[in-house]
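A.B. asks: Protein chains in written order, with my numbering: chain A, 1 to 354; chain B, 1 to 354; chain C, 1 to 354; chain D, 1 to 354.
Beta carbons are placed, not taken as given, at the ideal position from N, Cα and C, and that holds for glycine.
One structure is given below, represented as structure tokens, and several questions about it will come after.
Protein chains: 4
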Amino acid sequence: MKAAIFVEPGRIVLDEKPVPDVGANDALIRITTTTICGTDVHILKGEYPVAKGLTIGHEPVGVIEKLGRNVLGYHEGERVIAGAICPSGYSNACLDGLSSQDGQSAAHGLKPLGGWRFGNTIDGTQAEYVLVPDAMTNLAPIPDSLTDEQVLMCPDIMSTGFAGAESGNIQIGDTVAIFAQGPIGLCATAGAKLRGATTIITVDSLPARMKISKRFGADEVIDFNSVDPVEEIMRITKGRGVDVAIEALGLQSTFESCLKILKPGGTLSSLGVYSEDLTIPLESFHAGLGDHKIVTSLCPGGKERMRRLMNTIESERIDFGPLVTHRYGLDQIEEAYDLFANQRDGVLKIAITP
Amino acid sequence: MKAAIFVEPGRIVLDEKPVPDVGANDALIRITTTTICGTDVHILKGEYPVAKGLTIGHEPVGVIEKLGRNVLGYHEGERVIAGAICPSGYSNACLDGLSSQDGQSAAHGLKPLGGWRFGNTIDGTQAEYVLVPDAMTNLAPIPDSLTDEQVLMCPDIMSTGFAGAESGNIQIGDTVAIFAQGPIGLCATAGAKLRGATTIITVDSLPARMKISKRFGADEVIDFNSVDPVEEIMRITKGRGVDVAIEALGLQSTFESCLKILKPGGTLSSLGVYSEDLTIPLESFHAGLGDHKIVTSLCPGGKERMRRLMNTIESERIDFGPLVTHRYGLDQIEEAYDLFANQRDGVLKIAITP
Amino acid sequence: MKAAIFVEPGRIVLDEKPVPDVGANDALIRITTTTICGTDVHILKGEYPVAKGLTIGHEPVGVIEKLGRNVLGYHEGERVIAGAICPSGYSNACLDGLSSQDGQSAAHGLKPLGGWRFGNTIDGTQAEYVLVPDAMTNLAPIPDSLTDEQVLMCPDIMSTGFAGAESGNIQIGDTVAIFAQGPIGLCATAGAKLRGATTIITVDSLPARMKISKRFGADEVIDFNSVDPVEEIMRITKGRGVDVAIEALGLQSTFESCLKILKPGGTLSSLGVYSEDLTIPLESFHAGLGDHKIVTSLCPGGKERMRRLMNTIESERIDFGPLVTHRYGLDQIEEAYDLFANQRDGVLKIAITP
Amino acid sequence: MKAAIFVEPGRIVLDEKPVPDVGANDALIRITTTTICGTDVHILKGEYPVAKGLTIGHEPVGVIEKLGRNVLGYHEGERVIAGAICPSGYSNACLDGLSSQDGQSAAHGLKPLGGWRFGNTIDGTQAEYVLVPDAMTNLAPIPDSLTDEQVLMCPDIMSTGFAGAESGNIQIGDTVAIFAQGPIGLCATAGAKLRGATTIITVDSLPARMKISKRFGADEVIDFNSVDPVEEIMRITKGRGVDVAIEALGLQSTFESCLKILKPGGTLSSLGVYSEDLTIPLESFHAGLGDHKIVTSLCPGGKERMRRLMNTIESERIDFGPLVTHRYGLDQIEEAYDLFANQRDGVLKIAITP
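Here's what the structure looks like:
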């Protein structure tokens, strides 16, 4: 089968691999649609290390090709998705409500991010087939009424973006700001609206993203090239600050802006993947006495999460159609990486179809 | 009346002041016992700015001398305490569950720490009398069975230390580490035990504090002069890390150690008052993907909080007697400051009696 | 001034009363719009006892006529609302997060429903003027952009209905059923949608209400005259049951239906005012082993709640316009009671303007 | 092997059965200690229906005899326990945080109590061997320092009793009443203390139980034969009522007493197994307007829960030694049932050793 493989920093190439064997608790999925994530670009650039030869990608939409002999409750030919994060279901972390952080190693105790396996510790989804581990925990049937593209955001960015709103514990009537309106930030905006935030302020500078931001729930969209977002948010909130600030970029500057606009007692919900140490400025942090919270979220996975997210789309609470800006065959995936890594042509998400 | 007054950095002196007038919603309390807090030393050193001439101190135990004309439900001569933080009860912050951050100013929106008034924005408790604002929100009658010294920790360090355990959302069976076993850290240890933590690991180096730490609930006490606390905690937890780490000192080094020992998905509950920007190391923070939480707590106040804390003492869940290491009259308060600021003679808390 | 007064069971009449004196912490409000609530009809019928001569009504929209001498932060002439429930802000219940249950009496300990004062323990709002107690806790300025009618639902039914969704702890992706789509049930539907429920099933039989129900967020509306709602809900949910069932009528039959459709581990959020003992059928309750929750909510009040609700309307998350079906002057209030008590002419809510 | 088998109502007998085959995800445990639960007596009496021929018992302490071929991370000969409730780990209920209610059937949707399998839907633990399903989710290694009897309460009554305190969301400073001090009620008392309740009032009449109740954390123990518990609790709480009332018997009368002593806004945490419809009296329920909560809990299971409970014992937070009042060999189990079912000789729990 064909698969997009990490060769070395700077090179992800399409190559041939054998179709994997199916273990007792696994399922083999024939991929019908997948996509490329910002994290994959970190891998491409060598910023996030993975083994050479690994198949990349963690957003599977497909059809069950073969079920392991212990896997019950599904049938071959069934359309399914699985989350980017594949919890085992049986680890102590899972049973303690932390399924994304599912992982253990004799040497180092709990391994963080242990639930993220596709394209990280096992072969990923940018291929003709992918093996889903702990299939009964992870396979979620797709409702007939939904197309592949409609559910393509569920495995990662929708789950992650919504988690930003959920971990921030947004309440009805909250004022929420979201920094950066890339795919994750846009999903966080949709999530904030779904949780009942009634003043949603978003920050970006690209007109196409700002337009979708409005459509996804923003009451006010700030162009950071025109005004200072911190000042503008304090003006809009009449000096009150926001209840929850969501960081969706991964930079010190946006992290810091979030702290500056937080009301005393507010929550910074961080979704960004950072590449440097972060600084918490003393003043914005009120010397540690401001009752502030800083919370982080790794994309929740598992079949129940996927069921809920697909239900959100089926009930027309949100339409993620506008996020798919480009479509490529798997054969053209190197070209797709080039477009996506360089953020050309207004790209948001690319549907890849083997 | 006599009052300990901030004159300038380096000088808090005992001086004469008029007994204050009692407003409609106030109560005048004759102080029978009060104490000196680490924050007062920050004020003394000029590290935390207050107005010149202000009476210092925020931990009142006393007797009602006079009630404002709107204050109902109390009688003159009643023994009472009030929290270090005096919420109004009627601010939007209070009504939104954030009573410590109760404060508003036309110019700057919500003022952080607004609930802290004694010895900060109004005259404090190191005096013969103190005026308690919003008396019906703040005055808590002392049960007859409890002495002044038994309730002396309620207004600040007990409330703060317990808040560290509560904000960390400690659950039955949790493993918790607490860095520093000064008065606040010791109260956090007691709070962690009361919340059901079943492995409590504390870190200090002073033998007297380490001994009280055991008595207050520590299962393991680490002397940071003998071993590396991070390595030792990872050893004790078999590489699993802790569910909750409580920072009770206010330094970058302890803040960072807390992050290092946190399990993926764990919570850093910060109680320290910091005097510099903080750094979050990328690795300990798992690039923002570890589902970590960082939460901060300002001492909860109000009469219901005080009632609950006094009930904890009355029910003999904890005996804070060992924390009062020294006793001085108000006349000797300058001497008491000298002892406390220089942490001489194994001092933990000093009872000051006018 | 004119006021609608409870004379005896069966008689609420418009009569003359003196304009009340303004105490130090009170505010006198000139009512510009108010309404009649189902609870008022209980009072009218003698089912809920109040003192003879009491002015009825608990939903004030008006203008500040006079402020008590301790009331700061407002100005005469300001447009304001107050919640149906007027918490003091300073009671132990308030400080413990239970502001609706704010009340104490020497004889009986905590008095339930103590926060409900208008038209219950003090004169109410169906009058030319009403005295708002603890004004700084309760007065919420109306944004200029909103009309009286737009905010008329905030004091009671919107706050109550939303509380049904909030107390049920609805999460994104939940399936929720709401029994009865009167004013409270319709607001619960809107609240469920705002909290992120993605399958909302409502039950009623009046076509006008069923139509508004759809508009307010229902995905499926069941006419209980056509089908058995329990069977229909189990069919729609494929036998899974609902995560949260909201009872918004106050009858044994709807309470029981809610239990029957609850998934194991689900929550029954009860808003109804019952007039008889309730029975929990053993089977639906799984003998007490189903991890079920039954929660009840009294309308949350206080100025911060009102601010949040008005923000919800200002941000166009919901338009309660369709709920005002009739308009009367205060002079015609007896006629309005007659219409409302008999639920004639498709009445939902009546705007009363003095 | 020998096993205690349900033959018909009134008869549980010791008989021979084949040692079961070990499936891929199972583990075969050689029982070293087990016990009899009140639920087993319900089965004996025919009040709770199970299949004829089923082995009874759901509290396993033992040694791994054989592991299924997919079961990793354990070794044969290892000492382990498993919870009375064996969640799969992979069901939607598990992944939604409701692992006790793990069960699904095509015909009836979610099956309540689905997580309870031992001695209910599969062969139980009163035998020489038991098969543990989903072994990686359920097997918890016993620390070397703990004896069989020390961990014998973990699988059921400790987990259940603690859940009563946890579901009641007990906070530091809460006043809690617990009705009935049988094994479950005593564990609830211990759990309430561990969660920080500072006034714990328990109700029973047997002197031996009342004595252990004090030892497990009760501040006040009421003998319901001497005084009316409702009146006495209202007297002790000065008319305030309790924050949380725990029902640990399963009768209408105790359920009703719990409601009567609840403060407005309080929580009734129900642990009892009821055998009749329950009535909620209108007055105690404040017509549904008292912000009351009624919550129920089925014993939480899974290896992480077991790990936490064993850690509680290892850390000497509680010693359940006093609960084992009798010891029998498996050969004598019919005699043990006779003693236990008739509650003779002050029996609390019986250790059964094959």
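Assign B/Ser-105 to buried or exposed, taking buried as 16 or more other Cβ atoms, counted over all protein chains shown, within 10 Å of its Cβ.
C.D. replies: Because the pLDDT of B/Ser-105 is 42, which lies under 50, any placement of that residue in the model is unreliable, and the question is left without a value.
A.B. asks: How about B/Val-324 and B/Gly-168: do their beta carbons lie closer than 8 angstroms?
C.D. replies: Cβ atoms of B/Val-324 and B/Gly-168: not closer than 8 angstroms.
A.B. asks: Name the residue from C/Ile-333, C/Gly-288, C/Met-158, C/Leu-309 whose alpha carbon lies nearest to the alpha carbon of D/Ser-100.
C.D. replies: Comparing Cα-Cα distances from D/Ser-100 to each of C/Ile-333, C/Gly-288, C/Met-158, C/Leu-309, the minimum goes to C/Gly-288.
A.B. asks: Which chain A residues sit within Cβ distance under 8 angstroms of C/Asp-102?
C.D. replies: Simply none; closest approach about 21 angstroms.
A.B. asks: Just tell me which of D/Thr-125, D/Lys-193, D/Tyr-48, D/Asp-26 has its CA closest to the CA of D/Asp-10.
C.D. replies: Position check: residue 10 of chain D holds Gly in this sequence, whereas Asp was assumed. Checking every option, the nearest Cα to that of D/Gly-10 belongs to D/Tyr-48.
A.B. asks: Does chain D have any CB closer than 8 angstroms to the CB of C/Lys-293?
C.D. replies: True, the Cβ-Cβ gap to chain D drops below 8 angstroms.
A.B. asks: For A/Gly-62, which residues does DSSP report across the bridge?
C.D. replies: A/Gly-62 is bridged to A/Ile-31, A/Val-80.
A.B. asks: What is the C-beta distance between D/Ile-31 and D/Glu-128, in whole angstroms, given that I count them as a contact (C-beta under 8 angstroms)?
C.D. replies: That belief holds up - the Cβ atoms of D/Ile-31 and D/Glu-128 are roughly 6 angstroms apart, short of 8 angstroms.
A.B. asks: Using CA atoms only, rank isn't needed, just tell me which of C/Ser-269, C/Leu-95, C/Pro-141, C/His-58 is closest to C/Gly-124.
C.D. replies: Taking only the C-alpha atoms, the option nearest C/Gly-124 is C/His-58.
A.B. asks: By the 8 angstroms beta-carbon criterion, what residues does the region 117 to 146 of chain B contribute toward chain F?
C.D. replies: Any reference to chain F falls outside this structure, whose protein chains are A, B, C and D.
A.B. asks: Run the CB neighbour count on D/Ala-51, radius 10 Å, all protein chains shown included, and call it buried at 16 or more, exposed below.
C.D. replies: Exposed, because fewer than 16 other Cβ atoms sit within 10 Å of the Cβ of D/Ala-51.
A.B. asks: Under 8 angstroms between C-beta atoms, does C/Glu-166 make it to chain D?
C.D. replies: Judged by the 8 angstroms Cβ criterion, C/Glu-166 is not in contact with chain D.
A.B. asks: Measure the alpha-carbon distance for A/Gly-241 versus A/Gln-150 and round it to whole angstroms.
C.D. replies: Those two C-alpha atoms are separated by around 35 angstroms.
A.B. asks: By how many angstroms is the C-alpha of A/Ser-270 removed from the C-alpha of D/Glu-231?
C.D. replies: Cα-Cα distance, rounded: 52 angstroms.
A.B. asks: Can you list, in chain order, the residues of its chain whose CB lies under 8 angstroms from that of B/Asp-345, leaving out five sequence neighbours each side?
C.D. replies: These residues qualify, in order along the chain: Thr-325, His-326, Leu-339.
A.B. asks: Could you tell me which chain A residues have their CB closer than 8 angstroms to the CB of D/Arg-79, listed as they occur along the chain?
C.D. replies: Here the premise fails: no neighbours, minimum Cβ distance about 18 angstroms.
A.B. asks: Note down, in chain order, all residues in the region 83 to 95 of chain B with a beta-carbon under 9 angstroms from any beta-carbon belonging to chain A.
C.D. replies: Per Cβ criterion, the list reads Asn-92, Ala-93.
A.B. asks: Run through chain C and tell me which residues come within less than 7 angstroms of A/Ser-315, C-beta to C-beta.
C.D. replies: What A/Ser-315 touches in chain C: Thr-198, Thr-199, Asp-219.
A.B. asks: In whole angstroms, what is the alpha-carbon distance linking D/Arg-235 and B/Glu-334?
C.D. replies: Distance between the alpha carbons of D/Arg-235 and B/Glu-334: 47 angstroms.
A.B. asks: Please list, in chain order, the chain A residues whose beta carbon lies closer than 8 angstroms to that of D/Gly-115.
C.D. replies: Chain A residues near D/Gly-115: none, gap ~12 angstroms exceeds 8 angstroms.
A.B. asks: Does the separation of the CB atoms of D/Leu-298 and C/Asp-144 fall below 8 angstroms?
C.D. replies: No, the pair does not count as a contact, with Cβ atoms beyond the cut-off.
A.B. asks: Under 8 angstroms by Cβ, that's how I've got A/Ala-197 and A/Ile-157 pegged, so tell me the actual separation to the nearest angstrom.
C.D. replies: Rounded, the Cβ-Cβ distance is 19 angstroms, inconsistent with contact.
A.B. asks: For a test of the three-state rule: what should DSSP assign to C/Glu-231, helix, strand or coil?
C.D. replies: Here C/Glu-231 sits in helix by DSSP.
A.B. asks: Indicate the three-state DSSP secondary structure (helix, strand or coil) for C/Lys-214 in the structure shown.
C.D. replies: Helix, per DSSP.
A.B. asks: Please tell me whether D/Ser-270 has its Cβ less than 8 angstroms away from any Cβ of chain C.
C.D. replies: So yes, D/Ser-270 belongs to the interface.
A.B. asks: Kindly indicate if chain B contains any beta-carbon less than 8 angstroms away from that of A/Gly-191.
C.D. replies: Not an interface residue.
A.B. asks: Tell me which residues of the region 279 to 306 of chain A have at least one Cβ-Cβ distance to chain D shorter than 8 angstroms, keeping chain order.
C.D. replies: Listed in sequence order: Gly-302, Lys-303, Glu-304, Arg-305.
A.B. asks: Against chain D, which members of the region 17 to 29 of chain A pass a CB distance test of less than 8 angstroms?
C.D. replies: Per Cβ criterion, the list reads Ala-24, Asn-25.
A.B. asks: Would the region 297 to 315 of chain D count as touching the region 176 to 194 of chain B if we require 3 or more Cβ pairs under 8 angstroms?
C.D. replies: The region 297 to 315 of chain D vs the region 176 to 194 of chain B: no contact.
A.B. asks: For A/Val-19, which of helix, strand or coil comes out of DSSP?
C.D. replies: Three-state result, A/Val-19: coil.
A.B. asks: How far does the beta strand (DSSP E) with A/Ala-3 in it reach, from first residue to last?
C.D. replies: Note, A/Ala-3: beta strand (DSSP E), 2 to 8.
A.B. asks: If you draw a straight line from the alpha carbon of C/Asn-70 to that of C/Asp-26, how long is it in whole angstroms?
C.D. replies: Their Cα atoms are separated by approximately 8 angstroms.
A.B. asks: Are the CB atoms of D/Leu-278 and B/Gly-173 within a distance shorter than 8 angstroms?
C.D. replies: No, these two residues do not count as a Cβ contact at 8 angstroms.
A.B. asks: Please check if any C-beta of chain A sits within less than 8 angstroms of the C-beta of D/Asn-169.
C.D. replies: No, because no Cβ of chain A sits closer than 8 angstroms to the Cβ of D/Asn-169.
A.B. asks: Would D/Asn-311 count as contacting chain A if we go by Cβ distances under 8 angstroms?
C.D. replies: Not closer than 8 angstroms to any Cβ of chain A, the Cβ of D/Asn-311 fails to qualify, so no.
A.B. asks: Going along the chain, which residues of the region 63 to 74 of chain B sit with their C-beta nearer than 7 angstroms to a C-beta in chain C?
C.D. replies: Listed by position along the chain: Asn-70.
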